[in-house]
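S.K.:
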Amino acid sequence: MLTQFLKFFKALNSDAGPWQLSFAVGLALIIGLTPLWSVHNLLIILLACILRVHFGTFLVFWVVFTGFAYLLDPAFDAWGYAWLTHPGLTTTWTSLYQSDVWQIIKFNHTITLASFVVSVLLFMPVVLIMRYGVVQYRARLMPWANRLKLVQIVKASKVYSLYERVS
Amino acid sequence: MKLFRWSGLIAFVVVLSLIIVIGALFLDNWVKSGLEAGGTRVHGAEVNVASVDLSLSPLGFDIRGVQVTDKENPERNLFELGTARLAMDLPKLFLGKISIDDLTVSGMSSGTERDEPGRIVPVDTSDAGPGVGQRARDAAASRAESVRAELPEPADAVEQTLTQTRSATDQASTTFERARSEVGSALNNLPDDESIAQYDERIEALRGRSLNSLDAIRSARSDLEALQRQAVEDQLSVAAARQAANAAVSDSQEALEAALAAPAEDWAALREAYPLNQASAVRAGRLLLGDAIFDRYDQARKYYTQAAPWLRRLAPSGGEQEEAAPARLDGRYVRFDTPNPTPNFLLRQGLISFEADNWPWTLTMSQVTGQQRLTGEPVRLQLMRGEAGDEAMRIDAVLDRRQATTVDRFELIGRDLSFSSRSLDLGGVDVDWAPGTVDLGGEVTVTGDQVDGLIELSFSGSEFEARGEGRIATTLGNALENIAAFDIGIRVTGDIDAPELQLTSDLDNQIRSALSAALQAEYNRWLEATRARLDAEVETLTAPLRARFDEIEAQGDAVRDQADEFQQQVMDRLEALEQELLDERDRLSNAADAERRRAEDEARRRAEDALEDLKLPSF
Chain A
28 MLTQFLKFFK ALNSDAGPWQ LSFAVGLALI IGLTPLWSVH NLLIILLACI
78 LRVHFGTFLV FWVVFTGFAY LLDPAFDAWG YAWLTHPGLT TTWTSLYQSD
128 VWQIIKFNHT ITLASFVVSV LLFMPVVLIM RYGVVQYRAR LMPWANRLKL
178 VQIVKASKVY SLYERVS
Chain C
11 MKLFRWSGLI AFVVVLSLII VIGALFLDNW VKSGLEAGGT RVHGAEVNVA
61 SVDLSLSPLG FDIRGVQVTD KENPERNLFE LGTARLAMDL PKLFLGKISI
111 DDLTVSGMSS GTERDEPGRI VPVDTSDAGP GVGQRARDAA ASRAESVRAE
161 LPEPADAVEQ TLTQTRSATD QASTTFERAR SEVGSALNNL PDDESIAQYD
211 ERIEALRGRS LNSLDAIRSA RSDLEALQRQ AVEDQLSVAA ARQAANAAVS
261 DSQEALEAAL AAPAEDWAAL REAYPLNQAS AVRAGRLLLG DAIFDRYDQA
311 RKYYTQAAPW LRRLAPSGGE QEEAAPARLD GRYVRFDTPN PTPNFLLRQG
361 LISFEADNWP WTLTMSQVTG QQRLTGEPVR LQLMRGEAGD EAMRIDAVLD
411 RRQATTVDRF ELIGRDLSFS SRSLDLGGVD VDWAPGTVDL GGEVTVTGDQ
461 VDGLIELSFS GSEFEARGEG RIATTLGNAL ENIAAFDIGI RVTGDIDAPE
511 LQLTSDLDNQ IRSALSAALQ AEYNRWLEAT RARLDAEVET LTAPLRARFD
561 EIEAQGDAVR DQADEFQQQV MDRLEALEQE LLDERDRLSN AADAERRRAE
611 DEARRRAEDA LEDLKLPSF
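As you go down the protein sequences, you meet chains A and C in turn. Just so we're aligned, residue 28 is where the first sequence starts under our numbering, counting upward by one. Just so we're aligned, residue 11 is where the second sequence starts under our numbering, counting upward by one.
(1) Give me the chain C residues within the contact set of Val128(A), using Cβ-Cβ distance strictly less than 7 Å, ordered along the chain.
(2) Taking the continuous alpha helix (DSSP H) assigned at Thr50(C), which residues delimit it?
(3) In the structure shown, what three-state DSSP assignment does Gly478(C) receive?
(4) Of the choices Pro201(C), Ser183(C), Asp340(C), Asp233(C), whose alpha-carbon is the least far from that of Glu264(C)?
(5) Can you pull the chain C residues whose beta carbon is under 9 Å from the beta carbon of His136(A), in chain order?
(6) In the segment 14 to 30 of chain C, which residues sit with their C-beta less than 7 Å from some C-beta in chain A, listed in chain order?
(7) Please determine, among Arg607(C), Gln589(C), Asp560(C), the residue with the shortest C-alpha to C-alpha distance to Leu266(C).
(8) Using only the alpha-carbon positions, how far apart do Thr633(C) and Asp418(C) sit?
(9) Under a CB-based cut-off of 8 Å, is Lys12(C) close to chain A?
(10) Lys133(A): buried (16+ other C-beta within 10 angstroms of its C-beta) or exposed?
(11) For Ala630(C), count neighbouring Cβ atoms within 10 angstroms of its own Cβ and tell me buried if that reaches 16, exposed if not.
(12) If you run the structure through DSSP and keep just helix, strand and coil, what is Gln413(C)?
(13) For a cutoff of 8 Å on Cβ pairs, would you count Asp367(C) as touching chain A?
(14) Secondary structure at Phe346(C), three-state DSSP: helix, strand or coil?
(15) Where Val186(A) and Ile180(A) are concerned, what is the direct C-alpha to C-alpha distance, given to the nearest angstrom?
(16) Could you check whether Val128(A) and Gly53(A) sit closer than 8 Å to each other, using their CB atoms as the reference points?
(17) Run through chain A and tell me which residues come within less than 8 Å of Leu105(C), C-beta to C-beta.
(18) Can you grab the Cα-Cα spacing for the pair Arg176(C) / Ala165(C), in whole Å?
(19) Name, in chain order, the residues that DSSP records as bridge partners for Trp652(C).
(20) Identify, in the order they occur along the chain, each residue of the same chain with its Cβ nearer than 6 Å to the Cβ of Trp443(C), setting aside the five sequence neighbours on each side.
(21) When Cβ atoms are compared, which residues of the segment 106 to 122 of chain A fall closer than 8 Å to chain C?
(22) Measure the C-alpha to C-alpha separation of Ser188(A) and Thr84(A) and round it to an integer number of angstroms.
(23) Beta carbon of Thr455(C), beta carbon of Ala279(C): below 8 Å?
(24) For the alpha helix (DSSP H) containing Gln238(C), name the first residue and the last one.
(25) To the nearest angstrom, how far is the alpha carbon of Trp40(C) from that of Phe22(C)?
(26) Could you have a look at Gly33(C) and say whether DSSP puts it in helix, strand or coil?
(27) With 8 Å as the threshold, decide whether the Cβ of Gln179(A) is near any Cβ in chain C.
(28) So, at 8 Å on beta carbons, what are the nonlocal neighbours of Val161(A) in its own chain, with the 5 sequence-adjacent residues on each side left out?
(29) Among Arg615(C), Val448(C), Asp80(C), which residue has its Cα nearest to the Cα of Arg90(C)?
(30) What does a CB cutoff of less than 7 Å around Ala609(C) pick up in its chain, not counting 5 residues either side in sequence?
(31) Strictly under 8 Å for the Cβ-Cβ distance: is Phe35(A) near chain C by that measure?
(32) Look at the Cβ atom of Ala272(C), then the Cβ atom of Ala207(C), and state whether they are nearer than 8 Å.
(33) Between the segment 448 to 462 of chain C and the segment 498 to 518 of chain C, can you find at least three pairs of beta-carbon atoms closer than 8 Å?
(34) Reducing DSSP to helix, strand and coil, say where Asp80(C) ends up.
(35) Where does Ala56(C) fall in DSSP's three states?
(36) Show which residues of chain A have a CB atom less than 9 Å away from the CB atom of Thr348(C).
Below, the structure is given as structure tokens:
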């Protein structure tokens with residue numbers, strides 16, 4: 028995992044595309060917040076493999092968002108239960124329940140439903156914010172940091188050489 | 011940016027293609043080879059599989075032409091399977107539910123000829139103890155022993171039955187002993203001959219007295235009264251002795267009568283214990299059928315009770331329900347109404363067909379699940395021998411577990427079934443029985459843990475042949491010749507774990523009219539022997555009682571005779587003497603009164619005469 032962190036930082040500081048990084052974070056958001064053993068996560072992993080997103084970033088943020096998920100699960104459970112038992116939605120849920128495919132997707136599981144809905148709603152905002160952040164980082168923060176004496180010393184050190192080799 | 015990571019996409023496509031290609035082209039053959047190799051290694055003889063076809067949708071397989079070589083005879087198959095097909099609902103598997111749309115196992119047969127001899131894999135063999143045949147022979151010997159124990163030897167039967175007689179004779183012996191003692195003491199208390207002679211002498215002395223005056227009479231009466239007082243005392247002793255003797259004789263007589271009546275009670279008890287009635291007809295039926303049918307029932311019941319927990323395990327009570335409060339992070343599943351809920355396990359349709367006893371057998375199953383409340387239908391099973399519409403035997407089972415109380419119903423229909431010939435031991439005569447054909451019908455219902463059912467077997471074309479010589483064998487043989495058809499009903503009631511089996515049969519009617527004659531003759535012979543034995547035993551027990559009673563009765567007669575003699579010799583004579591004294595007293599008293607009246611008349615006459623002589627002057 029440390030290697031993946033290093034790869035992420037290297038990508039952040041390289042010329043890797045901001046969209047690659049931001050979509051990797053977006054996919055990680057979905058797989059991290061929703062329960063792992065869900066069918067839709069197979070699709071997320073497949074997309075992460077075949078789309079040109081930064082895989083290291085995807086893995087790093089998967090772990091990060093999984094940590095958030097542990098904190099948010101009680102809220103997801105409450106929200107999911109409220110939506111699934113809402114009288115106005117009962118007809119919709121009941122019609123979906125008649126299909127084996129939807130049952131396999133576990134739409135009637137409180138945490139799965141709420142975390143999936145929240146992660147999908149947050150997908151594009153997170154992607155856009157992440158892309159904006161990467162662009163701004165590279166345009167403003169990275170040149171300023173490279174000019175720092177401390178950074179130059181670090182880059183000249185053997186430790187940085189080692190980091191370069193590992194990542 | 012370039013959208014796709016071509017390396018990843020290519021890897022995905024390659025892996026997917028490999029899976030598809032392997033699944034489509036090679037997997038079937040790999041599984042086929044695996045089944046053949048694994049089966050051959052496990053079984054120890056060549057196993058062949060004609061084809062294997064695996065499918066993903068529906069998930070399942072179709073295996074055809076399985077042949078398992080007979081190790082003892084490699085030119086034949088120990089077992090052959092035509093088709094084994096399974097089709098499952100794949101999406102349901104992702105939901106953790108097993109839903110089998112079709113399960114077909116057909117064309118099973120054994121002993122079929124192989125196209126070429128199968129290869130044998132050498133294996134170690136070890137001694138597995140006594141064989142099945144030996145165990146069957148041991149069981150048969152044990153059963154024959156138990157059948158022979160149906161009627162005991164006459165001596166044993168008498169020995170077991172004579173309880174009332176023995177008790178009564180013991181009681182009579184005690185009563186006789188007491189009576190003898192009482193009569194003996196009564197005899198001792200009676201006045202003896204010497205006393206009677208003394209009475210006689212004193213009476214004669216009183217008779218000899220001169221009774222010429224009232225004083226003499228008074229004196230004689232005084233002596234008589236003293237003698238009477240003594241006689242009355244003796245008479246009381248005589249009366250007591252007579253009463254004691256009568257009571258002793260009466261008690262002895264009652265005890266003797268009770269002892270003589272007891273054998274009849276024992277005989278009735280013996281007849282009741284070993285009757286020739288419905289129960290003995292049941293024994294005869296059991297004798298004919300052997301214990302096999304009861305063993306089969308026990309086996310079926312055992313299968314049922316073993317299967318019941320598995321059915322219950324497949325049935326979570328109440329079907330699908332809202333799950334309990336979640337542990338943290340587990341979340342909850344919310345269920346919604348559905349017209350077609352799926353049980354955790356469901357076999358919609360199953361078919362197993364095989365060949366055995368040169369008959370095609372078919373087992374069909376439908377809606378097999380433990381969660382019948384979800385499907386709304388009971389489990390239906392059907393086992394059939396023969397072709398549909400012309401079946402030789404059929405068992406229909408409906409396992410209904412939709413309500414709180416389970417109801418399992420089994421219907422049995424059989425036609426032209428054959429029982430194997432067997433040898434019977436009827437009353438000591440060996441009888442060969444060829445059962446002919448049997449038609450079978452009945453219904454058994456298990457409600458909760460209670461079973462209730464009736465199975466009727468109609469035997470036709472039975473042939474009995476009694477072997478051996480002698481009157482019984484001949485009579486039995488002649489009687490059994492007339493029995494060609496009879497019915498036997500088996501009623502099962504009570505708790506499923508310990509049911510009560512009753513045999514109802516017109517065999518008893520047949521027995522009454524035909525077999526009954528032979529059995530009756532045998533039974534009568536046994537009864538006669540037993541009766542003779544019982545009579546001899548009773549005679550042994552009661553003969554001393556009779557002798558002792560005669561003795562007691564003679565003693566009682568002696569007491570009565572002696573009492574009568576005392577009465578005649580003493581009391582009657584005393585009464586006569588008293589009467590004589592009274593008569594004499596009356597006579598003397600009357601004579602004295604007449605003399606007194608005569609003297610008074612004479613005195614009066616003389617006084618009148620004297621007054622006449624005085625001639626007193628008149629005034």
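The beta carbon of each residue, even a glycine, is placed where N, CA and C say it ideally should be.
M.R.: With the given structure in hand:
(1) As a first step, residue 128(A) is located in the first sequence; it is residue number 101 there, counting from the start. Correct list: Pro101.
(2) Position 40 of the second sequence, counting from 1, holds the residue named residue 50(C). 37 to 53 is the span of the alpha helix (DSSP H), which, as asked, contains Thr50(C).
(3) On the second sequence, position 468 is the one that residue 478(C) refers to. Three-state result, Gly478(C): coil.
(4) One-based indexing of the second sequence puts residue 264(C) at position 254. Minimum Cα distance to Glu264(C) is reached at Ser183(C).
(5) To locate residue 136(A), count along the first sequence from 1; it is residue 109. Neighbours of His136(A) on chain C, chain order: Gly341, Arg342, Tyr343, Val344.
(6) Phe14, Arg15, Gly18, Leu19, Phe22
(7) For the purposes of this step, residue 266(C) is taken as the residue at position 256 of the second sequence. Taking only the C-alpha atoms, the option nearest Leu266(C) is Asp560(C).
(8) Because chain C in this structure spans residues 11 to 629, residue 633(C) falls outside the shown range and cannot be described.
(9) Along the second sequence, one-based indexing puts residue 12(C) at 2. Look at Lys12(C): its C-beta is under 8 Å from a C-beta on chain A.
(10) Here residue 133(A) refers to the residue found at position 106 of the first sequence. A residue is called buried once 16 or more other Cβ atoms fall within 10 Å of its Cβ, and Lys133(A) is buried on that count.
(11) Any question about residue 630(C) goes unanswered here, given that chain C covers just 11 to 629.
(12) As a working note, residue 413(C) is residue 403 in the second sequence. Of the three classes helix, strand and coil, the one that applies to Gln413(C) here is coil, per DSSP.
(13) In the second sequence, the residue the question calls residue 367(C) occupies position 357. Closer than 8 Å: no.
(14) As a first step, residue 346(C) must be located in the second sequence, where it is residue number 336. If DSSP states are grouped into helix, strand and coil, Phe346(C) belongs with coil.
(15) In the first sequence, residue 186(A) corresponds to position 159, counting from 1. In the first sequence, residue 180(A) corresponds to position 153, counting from 1. Rounded to the nearest angstrom, the two C-alpha atoms are 10 Å apart.
(16) Looking up residue 53(A) in the first sequence gives position 26. Looking up residue 128(A) in the first sequence gives position 101. It is not a contact, given that the beta carbons lie outside the stated cut-off.
(17) In the second sequence, residue 105(C) corresponds to position 95, counting from 1. The contacting residues are Asp127, Gln130, Ile131.
(18) Here residue 176(C) is taken as the residue at index 166 of the second sequence, counted from 1. Here residue 165(C) is taken as the residue at index 155 of the second sequence, counted from 1. C-alpha separation (whole angstroms): 15 Å.
(19) Outside the shown range of chain C, which is 11 to 629, sits residue 652(C), and nothing can be said about it.
(20) Indexing the second sequence from 1 puts residue 443(C) at position 433. Arg432, Leu434, Phe474, listed in sequence order.
(21) Gly107, Tyr108, Leu111, Thr112, Thr117, Trp120, Thr121
(22) Along the first sequence, read from residue 1 onward, the residue named residue 188(A) stands at position 161. Along the first sequence, read from residue 1 onward, the residue named residue 84(A) stands at position 57. Looking at the two C-alpha atoms, the distance is approximately 22 Å.
(23) As a position in the second sequence, residue 455(C) is number 445, starting the count at 1. As a position in the second sequence, residue 279(C) is number 269, starting the count at 1. No; because the gap between Cβ atoms is not below 8 Å, this pair is not in contact.
(24) To locate residue 238(C), count along the second sequence from 1; it is residue 228. Annotation: the continuous alpha helix (DSSP H) that includes Gln238(C) extends over 224 to 283.
(25) Position 30 of the second sequence, counted from the start, is the residue given in the question as residue 40(C). Position 12 of the second sequence, counted from the start, is the residue given in the question as residue 22(C). Taking the straight line joining both Cα atoms gives about 24 Å.
(26) As a working mapping, residue 33(C) is identified with position 23 in the second sequence. Reduced to three states, the DSSP call for Gly33(C) is helix.
(27) The count along the first sequence starts at 1 and reaches residue 179(A) at position 152. For Gln179(A), the answer is no, since every Cβ of chain C falls outside 8 Å of its Cβ.
(28) Numbered from 1 along the first sequence, position 134 holds the residue referred to as residue 161(A). Spatial neighbours of Val161(A) in its own chain (CB-CB distance under 8 Å, excluding positions within 5 residues in sequence) are listed in chain order as Leu39, Pro45, Leu48, Ser49.
(29) On the second sequence, residue 90(C) is found 80 positions in, with the first residue counted as 1. One detail in the question is off: residue 90(C) reads as Glu in this sequence, not Arg. The option with the nearest alpha carbon to Glu90(C) is Asp80(C).
(30) As a position in the second sequence, residue 609(C) is number 599, starting the count at 1. Excluding positions up to five away in sequence, the list is empty.
(31) Taking the first residue of the first sequence as 1, we reach residue 35(A) at position 8. By this cut-off, Phe35(A) is not an interface position.
(32) Looking up residue 272(C) in the second sequence gives position 262. Looking up residue 207(C) in the second sequence gives position 197. The answer is no: Cβ separation not under 8 Å.
(33) yes
(34) Position 70 of the second sequence, counting from 1, holds the residue named residue 80(C). Asp80(C): coil per DSSP, three-state reduction.
(35) As a position in the second sequence, residue 56(C) is number 46, starting the count at 1. Looking at the sequence provided, one finds Glu at residue 56(C) rather than Ala. The three-state reading of DSSP puts Glu56(C) in coil, since its state is none of H, G, I, E or B.
(36) Residue mapping note: residue 348(C) aligns to position 338 of the second sequence, counting from 1. Going along chain A in sequence order, the residues near Thr348(C) (Cβ under 9 Å) are Thr121, Tyr124, Gln125.
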